[in-house]
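Take a look at the structure below.
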Amino acid sequence: MFLLTSTLLFAGLMTSFGCDGQVDQDYEGEPLATMLGTIRNEMTSAPPSAIVAVFWVNSAGSPDFFVGETVPVEAHFPADFSMKLYTSPPAEVLNDFTMGGRFPHETRIGMAWIAVGAPDAQGELNPDLAGPGSCLGLAEDHVLAYVEEDIVPGTFSELFVQGPLKAGYHVLQVERQSDAEVQRAMDCLAKATTTQDEIACGLASGDLYSDAPQGLNTRIPVRLVDDCDTLEPANLK
Amino acid sequence: MQPMKTKSTLPLRLSPLLLAAVHLALGLLLCSSVDARMRRYALIVGNNSGAKDEAELRYSGSDAQKLQRVLRGLGGFHLEDTVLLLNEKASTVLRALKSISTRIAHSKQDAMLLVYFSGHADEKTLHLGDTSLDLRQFERLLRATPAKFRLMILDACRSGSLTRVKGGRVKGGRKQPGFKITIDRPLSSQGTVFLTASTASEDAQESDRLRGSFFTHYLVSGLLGAADVNGDGKVVLEEAYRHAYDNTIKASSRTLAGTQHPTFRYELRGQGQIVLTHPGDADSHGVMLFPKGRSYLVIQGHSGGRVVGEVGVWDRMRAISVRPGKYFIRGRGRREMLEGTMTVRAKEHLTVRESGLSRIAYARLVRKGAGTQTVSQAVVSGYRFRTPMGNADTLCHGMFAGYALALEYFSLGARLGVCRGRTSSSEVQTTADELDLELRISHLWDFPWVTAELGVAAASGLLQQSFEGERVAPPRVSAFGQVGIVVGLHLDLPMGLDLFADLAVQTYFFKTRDSSTKEESFGASFALRPTFGLGKHW
Chain A
1 MFLLTSTLLF
11 AGLMTSFGCD
21 GQVDQDYEGE
31 PLATMLGTIR
41 NEMTSAPPSA
51 IVAVFWVNSA
61 GSPDFFVGET
71 VPVEAHFPAD
81 FSMKLYTSPP
91 AEVLNDFTMG
101 GRFPHETRIG
111 MAWIAVGAPD
121 AQGELNPDLA
131 GPGSCLGLAE
141 DHVLAYVEED
151 IVPGTFSELF
161 VQGPLKAGYH
171 VLQVERQSDA
181 EVQRAMDCLA
191 KATTTQDEIA
201 CGLASGDLYS
211 DAPQGLNTRI
221 PVRLVDDCDT
231 LEPANLK
Chain B
1001 MQPMKTKSTL
1011 PLRLSPLLLA
1021 AVHLALGLLL
1031 CSSVDARMRR
1041 YALIVGNNSG
1051 AKDEAELRYS
1061 GSDAQKLQRV
1071 LRGLGGFHLE
1081 DTVLLLNEKA
1091 STVLRALKSI
1101 STRIAHSKQD
1111 AMLLVYFSGH
1121 ADEKTLHLGD
1131 TSLDLRQFER
1141 LLRATPAKFR
1151 LMILDACRSG
1161 SLTRVKGGRV
1171 KGGRKQPGFK
1181 ITIDRPLSSQ
1191 GTVFLTASTA
1201 SEDAQESDRL
1211 RGSFFTHYLV
1221 SGLLGAADVN
1231 GDGKVVLEEA
1241 YRHAYDNTIK
1251 ASSRTLAGTQ
1261 HPTFRYELRG
1271 QGQIVLTHPG
1281 DADSHGVMLF
1291 PKGRSYLVIQ
1301 GHSGGRVVGE
1311 VGVWDRMRAI
1321 SVRPGKYFIR
1331 GRGRREMLEG
1341 TMTVRAKEHL
1351 TVRESGLSRI
1361 AYARLVRKGA
1371 GTQTVSQAVV
1381 SGYRFRTPMG
1391 NADTLCHGMF
1401 AGYALALEYF
1411 SLGARLGVCR
1421 GRTSSSEVQT
1431 TADELDLELR
1441 ISHLWDFPWV
1451 TAELGVAAAS
1461 GLLQQSFEGE
1471 RVAPPRVSAF
1481 GQVGIVVGLH
1491 LDLPMGLDLF
1501 ADLAVQTYFF
1511 KTRDSSTKEE
1521 SFGASFALRP
1531 TFGLGKHW
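Residue numbers (my numbering), protein chains in the order written: chain A, 1 to 237; chain B, 1001 to 1538.
This is the structure we're talking about:
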């Protein structure tokens, strides 16, 4: 009787504490974010295969390009893709708004293109997407961003992404500034004497970035073209 | 009534030493001549059936046959002078007694008549099926026979009314001990003696272990030689009764029915001892000699055969006279048994040695239903591993500890176990741990060297996965239930130790998560789990 009671009690306790499902050998961890997109083919002939890749761009560092996560897509267009982002980008690709810690209220932000390339004979992607035929397409109106720490309001970090984003991955939409807007910002910056004045002037980079309305649920459109030079990617450099 | 002694007188004056020597020679001559002159008759009755409301006995018939065998083999009773009646009516018994009486009357020899009954009875009558035999009438008929010496032995409930020894319960329900009979002089060769298995208010009990009734078993064992305390090769009446009395009390004191006290009444005169058997002299028999320290049961042929006799742990004479043949020996200690088979030849004195017997300890003892233990306990521990179940790639290696309870027909066990398995992928290294509490019930079969086990088990516990790597992967804990079948082998070692190995075929039930869809569901997984361990029994 004692043994039966103990076993039932044990079973009850175990049930209370053990409600997760066991994962199998294919488990790769919990993604920090999942990015969605749709590839449309505008090439004269569809490529036999393609790889979607995240290209991190470090505007001030070296190397300036870094291939992050990749995911192959089937060459049946339009093709939807889903890319699971399991890790944060490496520290060297993050844009350091803290200036080496001098501005502790700032943070570090990574910015990436979402590009499509053709795999080489070994099935690998050219890291520069250079060379004939290696670049197939790009998302022109969206970029992927990674914010290392919660952005504090009133900082350059907030100005850069047009809002006090939380730490983690974000899909940002790209808004093109007009020449006049760029000029106006540059004129203002020329007169600014304080950091707050500079922030108040806004960006003069030509492209403005803000959190996409649907966030990570945004289905990012990507165009495949015969010549990637005809595309207009966001100015991350 | 006290026995009367006759005195011898000599016409000549002789030296004291010579006088003593002559007296001794005459005495021995008188004893032996008493024995040699007496022709021995026996009426042996065994009835398993009693009155309608009485349960069928199991061993009355075999008790009667057992006594007949020893009387004929060692007691000098001839075949034509022994009448064995099994499950007969009262009228048949009375006719047989009268027939023997007539034969004694017509014989020119002095006669000894032994009448034995085993069966149901009450204070007044013997129950022979649906007939009954008045005890007083039976006694009168016995006294009326012309035998010089008459011995009536009753192994029946409340038979002590024959000796009018009251023992047992008195008014108010308080139990009183029976009388302790002190025999301080040899019983004489003329007259009547009554031996009963119990007092007038006690039951006479049967024992499944002895395959007979307590009283007759120890009486027969004594006649075979265990009662020969002076080692002269002869078992006299008082030796046989003393042996049966002491051992019946000891054995019955451990039963639920309570202690059974044999009783004794004698009406004797004359000189000379009544020798019932000659276990030391029989050329047709061999003798088995047993070491001290244990009781030894002698069984004919094999372990399931007829119980021949027993040498008790406290018996000074540790010899049993048996017919030539094969015998199964079982020596009983408190926590172990010794068993073996021996072959005895005529005139052979065979010494039984413990080193020649197999030792059976603890749990086997309980499963045999032998020994004084009804349960055997054990602690167990050891190593085990389980085949992968999907939450890991590798075997799940681990340990366990537990408790086992061995009963006669099944064993119960509880074990707490842990094990660990792993999965390695390029991105995440998984450690899968299991903690479980298992209950099992099994049946065991004992063979000469090993014991086989077959059982079922059920368990519950936790499965925990923990992950290492650069990626975010929080630990995952799942409760599970498990059922399985277990087969095993056990090897008895000295000092109550037991080495075992078993294989469990298990089905686990727990929640799983699909890595691609993230959907969770309950499922079943199959696993094999070999176990190797050591147990300590007590």
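The C-beta atom is built at its ideal place from N, Cα and C for all residues, glycine as well. The model shown is predicted, which means the values in this text are computed figures rather than measured ones.
- Using a Cβ-Cβ cut-off of 9 Å, A:Q122 does not count as an interface residue toward chain B, since no Cβ of chain B sits closer than that to its own.
- Taking C-beta atoms as the reference points, B:G1222 and B:H1278 fail to come closer than 9 Å.
- Between B:L1084 and B:V1115, the gap from beta carbon to beta carbon reaches 9 Å or more.
- Chain-ordered, the chain B residues with CB closer than 7 Å to the CB of A:T87 read E1470, R1471.
- A:T107 and A:P90 have their C-alpha atoms some 15 Å from each other.
- When C-beta atoms of the segment 1059-1067 of chain B are compared with those of the segment 1103-1111 of chain B, fewer than three pairs fall below 8 Å, so the two segments do not count as touching.
- Distances from the CA of B:P1448 to each of B:L1493, B:C1396, B:Q1190 were compared; the closest alpha carbon is that of B:L1493.
- By the rule that beta-carbons nearer than 9 Å mark a contact, B:A1404 does not touch chain A.
- Within the model, the alpha-carbon separation for A:S45 versus A:L94 is close to 37 Å.
- The continuous alpha helix (DSSP H) containing A:V161 extends over residues 156-161.
- Less than 9 Å separates the beta-carbon of B:Q1506 from that of B:G1484.
- Each residue's CA atom was taken as its position, placing A:F66 and B:D1433 some 38 Å apart.
- The DSSP-derived three-state label of B:Y1409 is coil.
- DSSP lists A:F55 as the beta-bridge partner residues of A:W113.
- The residues E1427, V1428, Q1429, in chain order, have a CB closer than 8 Å to that of B:G1469 in the same chain once the five nearest residues on each side in sequence are set aside.
- When Cβ-Cβ separations below 9 Å define contact, A:D26 makes contact with chain B.
- The segment 1380-1392 of chain B makes no contact with the segment 1341-1355 of chain B: fewer than 3 CB pairs, one atom from each, lie closer than 8 Å.
- If you check each beta-carbon in the segment 1404-1437 of chain B against every beta-carbon of chain A, the ones closer than 8 Å belong to L1412, A1414, T1423, S1425, E1427, V1428, T1430, A1432, L1437.
- Taking each of B:Y1241, B:S1201, B:G1280, B:L1268 in turn and checking the Cα distance to B:G1258, the smallest one comes out for B:S1201.
- Between B:A1501 and B:L1454, the alpha-carbon positions lie close to 12 Å from each other.
- Interface with chain A (9 Å Cβ-Cβ cutoff): B:N1047 is excluded.
- B:A1200 carries a coil assignment under DSSP once its states are collapsed to helix, strand and coil.
- Using beta-carbon distances, A:V23 counts as an interface residue toward chain B, with a partner under 9 Å.
- DSSP places B:Y1245 in the uninterrupted alpha helix (DSSP H) bounded by 1237-1252.
- For a Cβ distance threshold of 9 Å, residue set D20, Q22, V23, Y27 of chain A lies close to B:Q1465, ordered along the chain.
- The way I'd put it, the segment 178-192 of chain A doesn't touch the segment 96-114 of chain A; fewer than three beta-carbon pairs between them come closer than 8 Å.
- Residue B:F1214 holds the alpha-carbon nearest to the alpha-carbon of B:Y1241 among B:M1112, B:F1214, B:S1253.
- Apart from the 5 residues on each side of it in sequence, A:S205 sits with its Cβ closer than 7 Å to the Cβ of N235 in its chain, given in chain order.
- Taking B:L1289 as the centre and dropping the five residues before and after it, the same chain places the C-beta of R1318, A1319, H1349, L1350, T1351, V1352 closer than 8 Å to its C-beta, in chain order.
- Contact with chain B is found for A:L32, since one of that chain's Cβ atoms lies less than 9 Å from the residue's Cβ.
- By the C-beta density criterion, B:A1042 is buried, having at least 16 other C-beta atoms within 10 angstroms.
- Residues of chain A with a Cβ closer than 7 Å to the Cβ of B:F1509 do not exist, since the nearest Cβ in that chain sits about 12 Å away.
- At a Cβ-Cβ threshold of 9 Å, B:H1120 and B:A1090 do not count as neighbours.
- At least 9 Å separates the CB of B:S1381 from every CB of chain A.
- Secondary structure of B:S1060 (DSSP, three-state): helix.
- By the criterion of a C-beta distance shorter than 7 Å, B:A1096 is surrounded in its chain by L1043, V1083, L1085, once the five residues flanking it on both sides are discounted.
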